[in-house]
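Student: My questions all concern the structure below.
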Amino acid sequence: MGLLNSLFSKKENKIVEYLNKKAILLDVRTVSEFNNKSIKGAKHIPLNMLYSHLKKLKNGNGSYIVYCASGMRSEKATSFLLSHEIDAINGGGMSSLSTLIE
Numbered sequence: 009m010g011l012l013n014s015l016f017s018k019k020e021n022k023i024v025e026y027l028n029k030k031a032i033l034l035d036v037r038t039v040s041e042f043n044n045k046s047i048k049g050a051k052h053i054p055l056n057m058l059y060s061h062l063k064k065l066k067n068g069n070g071s072y073i074v075y076c077a078s079g080m081r082s083e084k085a086t087s088f089l090l091s092h093e094i095d096a097i098n099g100g101g102m103s104s105l106s107t108l109i110e
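If you want it as structure tokens, here you go:
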């Protein structure tokens, strides 16, 4: 259990670090998921639309904390953004991220 707690603490610390540098929350869930519930102030771009928003994301000169419902889509989105030299971390699922932010 100690190892798992250590891993989660590192992830939470990294998220806090990104929040402190004013990273943008990026929700990659579907439109209906976002409309149902979202984190206040989050930017919404569904995962399947990231490529078409790539130029805008690159020009934003910011860092991103990417999240979805469970962390799977946000992991794909984070990998995609990093591969295009955009600073991003996987914030995981919305429930756990919103608990950390509040």
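Per this note's numbering, residue 9 is the first one in the sequence shown, and the count goes up by one each step. Glycine is no exception: its CB is placed at the ideal position from the N, C-alpha and C atoms. For clarity, every value in this text was computed on a predicted model and none was experimentally measured.
1. How would you write the range of the alpha helix (DSSP H) that Leu-108 sits in, first residue to last?
2. If we ignore side chains and look at the alpha-carbon of each, how far apart do Ile-47 and Leu-108 end up?
3. Would you report the Cα separation of Ser-104 and Leu-34, rounded to the nearest angstrom?
4. Given Ala-77, which residues of its chain have a CB within under 7 Å of its CB, disregarding the five upstream and five downstream residues?
5. Secondary structure at Lys-19, three-state DSSP: helix, strand or coil?
Tutor: Walking through what the data contain:
1. 102–109 is the extent of the alpha helix (DSSP H) around Leu-108.
2. Using only the alpha carbons, I get a separation of about 11 Å.
3. Roughly 15 Å separates the two Cα atoms.
4. These residues qualify, in order along the chain: Arg-37, Glu-41, Gly-101, Met-102.
5. Helix at Lys-19.
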